[in-house]
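Letter by letter, the sequence shown follows residues 296 to 373 of the working numbering. Comments concern the structure below.
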Amino acid sequence: MSKQKHELVDFAVTARKYKTKLTKKFINRKFYVDPNPFEIESHIPGTIISLKVKEGDSVKEGKVILILEAMKMMNKVL
Numbered sequence: 296m297s298k299q300k301h302e303l304v305d306f307a308v309t310a311r312k313y314k315t316k317l318t319k320k321f322i323n324r325k326f327y328v329d330p331n332p333f334e335i336e337s338h339i340p341g342t343i344i345s346l347k348v349k350e351g352d353s354v355k356e357g358k359v360i361l362i363l364e365a366m367k368m369m370n371k372v373l
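Quick look at the structure:
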């Protein structure tokens, strides 16, 4: 296993400058991506039981758009 060479990185906190080495975990992290407001993502696996809207319908905040069954529970997705 080869050792990876990390360079020092400068950063400032309230006008004080510091140097640090970036960890492998930090270098390999996933960058934040703004969520797409036109996609629905679930952090739990499940099955869509019922769709409450059709393609082209306008959806207002708070309206149930589908029912997701996950871990024997029915979850309303707004």
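No residue lacks a Cβ here, since even glycine has one placed at the ideal position from N, Cα and C. Just so we're clear, the structure is a prediction, and the values are computed from it rather than from any experiment.
At what residues does the alpha helix (DSSP H) containing residue i begin and finish?
i	result
I322	319-322
Name, in chain order, the residues that DSSP records as bridge partners for residue i.
i	result
K314	D305
M369	E364
S345	I362
So is residue i buried or exposed if we call it buried at 16+ other beta carbons inside 10 Å?
i	result
K298	Residue placement at K298 is poorly supported in this model, since its pLDDT is 47, which falls under 50; the coordinates still yield a value, given next. Answer is exposed; the Cβ neighbour count stays below 16.
M296	Confidence at M296 is low in this model, with a pLDDT of 35, below 50, so its placement is unreliable and the value that follows should be read with caution. The residue is exposed, with fewer than 16 neighbouring Cβ atoms inside 10 Å.
Hey, is residue i's beta-carbon within less than 8 Å of any beta-carbon in chain B?
i	result
K320	Absence of chain B from the displayed structure is noted, only one protein chain being present.
Using a Cβ distance threshold of 8 Å, determine whether the stretch 324-343 contacts the stretch 359-373, with at least three qualifying pairs required.
yes
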